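Below is one structure; the comments refer to it alone.
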Amino acid sequence: MQNDSQHLPDRRSDRKPWRVFSDRQTGTNRLAWRPLCRRLWSSPVSLPVSRRSFLSLATTGVAVSALGLAPTAEAARKRAAAPATPGVAAAAGTVYLNLNEHPLGPTPAAIDAATRSLPRSGRYLLEMEQDLRNLMTGELQLPNDHLSLFPGSRDALNLAASLLTSARAGLVVADPSFDPLVESAIARGVAVRKVPLRADGAHDVKAMAKADPTAGLIYLCNPGNASGSITARADIEWLLANKPASAVLVVDEAYIHYSNEPSVADLVRQRQDLIVLRSFSKLYGMAGLRLGAALAPPGLQTKLAAFGSNPLSVPAMAAGIASLRDPLLVQTRRADNARVRDETIAWLKGKGYTCLPSQASCFLLDVKRDASVFADSMQKQGVIVGRSWPIWPKRVRVSVGTEAEMLRFREAFGKAKR
Numbered sequence: 056m057q058n059d060s061q062h063l064p065d066r067r068s069d070r071k072p073w074r075v076f077s078d079r080q081t082g083t084n085r086l087a088w089r090p091l092c093r094r095l096w097s098s099p100v101s102l103p104v105s106r107r108s109f110l111s112l113a114t115t116g117v118a119v120s121a122l123g124l125a126p127t128a129e130a131a132r133k134r135a136a137a138p139a140t141p142g143v144a145a146a147a148g149t150v151y152l153n154l155n156e157h158p159l160g161p162t163p164a165a166i167d168a169a170t171r172s173l174p175r176s177g178r179y180l181l182e183m184e185q186d187l188r189n190l191m192t193g194e195l196q197l198p199n200d201h202l203s204l205f206p207g208s209r210d211a212l213n214l215a216a217s218l219l220t221s222a223r224a225g226l227v228v229a230d231p232s233f234d235p236l237v238e239s240a241i242a243r244g245v246a247v248r249k250v251p252l253r254a255d256g257a258h259d260v261k262a263m264a265k266a267d268p269t270a271g272l273i274y275l276c277n278p279g280n281a282s283g284s285i286t287a288r289a290d291i292e293w294l295l296a297n298k299p300a301s302a303v304l305v306v307d308e309a310y311i312h313y314s315n316e317p318s319v320a321d322l323v324r325q326r327q328d329l330i331v332l333r334s335f336s337k338l339y340g341m342a343g344l345r346l347g348a349a350l351a352p353p354g355l356q357t358k359l360a361a362f363g364s365n366p367l368s369v370p371a372m373a374a375g376i377a378s379l380r381d382p383l384l385v386q387t388r389r390a391d392n393a394r395v396r397d398e399t400i401a402w403l404k405g406k407g408y409t410c411l412p413s414q415a416s417c418f419l420l421d422v423k424r425d426a427s428v429f430a431d432s433m434q435k436q437g438v439i440v441g442r443s444w445p446i447w448p449k450r451v452r453v454s455v456g457t458e459a460e461m462l463r464f465r466e467a468f469g470k471a472k473r
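Numbering (my numbering), first residue to last: 56 to 473.
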């Protein structure tokens with residue numbers, strides 16, 4: 056019998072790809088994809104939560120977070136605490152330098168493609184997904200079975216963490232690192248080992264390799280978030296060669312397009328313990344459209360498909376295809392970002408303030424005082440900057456905006472530092 060949990064909805068079959076569930080509390084019906092429902096309750100892989108513990112967690116409202124498939128309540132609280140979304144609880148003209156979004160958004164060609172795709176969005180357009188896959192694998196010189204697409208690379212990361220970590224298989228991350236990954240791991244009872252970044256903002260790969268002998272996943276973002284700093288490819292290769300055999304290394308290359316450093320994507324053809332994440336949210340300006348990919352060998356791709364897969368947003372795919380077909384997009388936006396970023400860092404240095412080296416769309420600024428107080432002062436000037444971390448309480452992450460926005464940053468900084 057064909058296993059429908061390994062395939063997207065097949066138009067050749069009359070079988071509906073979803074199942075209708077009745078919500079007794081609201082009296083309404085809701086839809087859930089069959090592959091996800093079936094795999095949640097009968098997956099052959101060893102999941103970090105049991106059915107009973109999943110239901111127990113559900114009664115406290117954290118079941119989805121426990122699987123790592125959604126932000127935790129704490130993460131949602133942090134997001135809501137600051138007016139991080141343009142137009143929401145913020146004055147007109149506010150400059151947002153807090154979430155590393157591209158200030159220009161999607162390219163005109165991507166916007167046009169997404170708009171033109173809307174009338175066809177009543178279909179799944181699986182052929183469009185294949186076109187997108189072919190473009191990406193062609194650019195990366197990888198076989199098609201080494202790439203899977205997701206509505207954002209964060210989904211792939213959460214799924215990998217859910218499948219590869221447990222109470223017996225820990226998580227190793229840098230400090231600071233991507234908080235939602237850590238929070239969801241803690242919610243599932245996973246031991247998290249945090250390894251401080253080096254003084255230059257790069258990952259301390261030797262310390263990460265020995266942080267947890269039974270680690271299931273080691274997470275490394277390159278260029279780094281929050282530092283924007285580069286970890287050399289040679290260091291990543293060393294980590295692959297010296298990490299615990301039980302661990303899969305996940306290299307998040309969300310910001311790789313901003314850097315001139317080489318990617319490690321080609322290594323997924325040689326290694327069985329490496330996942331490389333790619334995102335359209337940063338340089339491509341598609342943070343709100345949600346599109347990303349996981350590059351991995353077929354064995355790991357099979358594990359990532361354990362919960363089935365859902366069709367992608369048609370406008371997101373159309374915008375992604377248009378972006379990949381623009382031969383000048385990456386080099387133009389990379390150069391513009393580097394120029395504005397480096398000019399801002401040089402200006403700050405002239406004022407006596409230091410930043411870690413950055414090859415991303417953000418930089419980490421030492422404000423010489425409580426970073427949260429500084430951020431509040433900047434917000435009063437109409438400029439919202441990023442957060443700080445317990446390990447670096449006097450450093451704040453600043454996203455790179457347009458040239459005009461960074462001039463506004465300078466003006467606000469001059470008032471906030473007093």
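All C-beta atoms in this analysis are idealised placements derived from N, C-alpha and C, irrespective of residue type, glycine included.
All figures in this text were calculated on a predicted structure; none of them were measured in a lab.
Select from the options the residue whose C-alpha is nearest the C-alpha of residue i.
i    : options                   : result
S172 : G375, K265, L195 and F362 : G375
R326 : V227, A351 and A342       : A351
S334 : E458, T357, L346 and W447 : L346
K406 : I311, K470 and S314       : K470
P268 : R223, V237 and D307       : R223
E308 : A371, D234, L344 and S336 : S336
G207 : S427, P366 and L462       : P366
S176 : A371, P448, K404 and E466 : A371
R499 : P198, D234, L190 and N189 : Here the chain comprises residues numbered 56 to 473, so residue 499 is not present and cannot be evaluated.
S427 : G148, T149 and N153       : N153
L443 : N280, M461 and A348       : Leu is not the amino acid found at residue 443; the sequence shown has Ser there. Nearest C-alpha to S443: N280.
A300 : L204, H312 and G225       : G225
G456 : V250, K472 and T399       : T399
H312 : R178, S454 and S416       : S416
H201 : L462, M183, I166 and L322 : L322
Which whole-angstrom value describes the C-beta separation of residue i and residue j, a residue pair presumed to lie in contact below a C-beta threshold of 8 Å?
i    : j    : result
F468 : V451 : The Cβ separation is near 11 Å, so there is no contact.
F464 : V422 : About 12 Å; that fails the 8 Å criterion.
A215 : L272 : 7 Å
L329 : Y274 : In fact, because the Cβ distance is near 12 Å, the residues do not count as touching under 8 Å.
L419 : G256 : 7 Å
V331 : V319 : 6 Å
A377 : M191 : Contact doesn't hold; Cβ gap of about 13 Å is too wide.
V245 : A266 : Wrong, their Cβ atoms sit about 13 Å apart, outside the cutoff.
L338 : R288 : Actually they are not in contact, since the Cβ atoms of L338 and R288 sit about 19 Å apart, beyond 8 Å.
Helix, strand or coil: which one does DSSP assign to residue i?
i    : result
L159 : coil
I446 : coil
G363 : coil
K423 : coil
S101 : Confidence is the limiting factor: at S101 the pLDDT is only 39, short of 50, which leaves the residue's position unreliable and the question unanswerable from this model.
T140 : Bear in mind that the predicted position of T140 carries a pLDDT of just 40, short of 50, making it unreliable; the figure below should be weighed with that in mind. T140 falls in the coil class under three-state DSSP.
T357 : helix
V245 : coil
P251 : strand
V237 : helix
G347 : strand
L187 : helix
L332 : strand
R394 : helix
R171 : helix
S232 : coil
R89  : Interpretation of R89 is limited by its pLDDT of 40, a score under 50 that renders its predicted location unreliable; the figure taken from the coordinates is listed afterwards. Helix at R89.
Y310 : coil
L226 : strand
A130 : Low confidence applies to A130: its pLDDT is 41, below 50, so where it sits in the model is not reliable enough to give any reading.
S454 : strand
V150 : strand
I376 : helix
V438 : strand
L411 : coil
Take the Cβ of residue i as the centre, count every other Cβ of all protein chains shown within 10 Å, and call the residue buried at 16 or more, exposed below.
i    : result
Q185 : exposed
I446 : exposed
K298 : buried
T170 : exposed
A380 : It is worth fixing the name first, because residue 380 is Arg in this sequence and not Ala. R380 should be labelled exposed.
G363 : buried
T409 : exposed
K261 : exposed
Q434 : buried
T387 : exposed
E458 : exposed
P103 : Residue placement at P103 cannot be trusted, given a pLDDT of 41 that sits under 50; the coordinates are not used to answer.
N392 : buried
D425 : exposed
D431 : exposed
G354 : exposed
P231 : buried
E156 : buried
G343 : exposed
Query raised in the report: Hey, which unbroken runs of the beta strand (DSSP E) at 3 residues or more fall wholly within the stretch 263 to 308?
Result: 270 to 276 and 303 to 307
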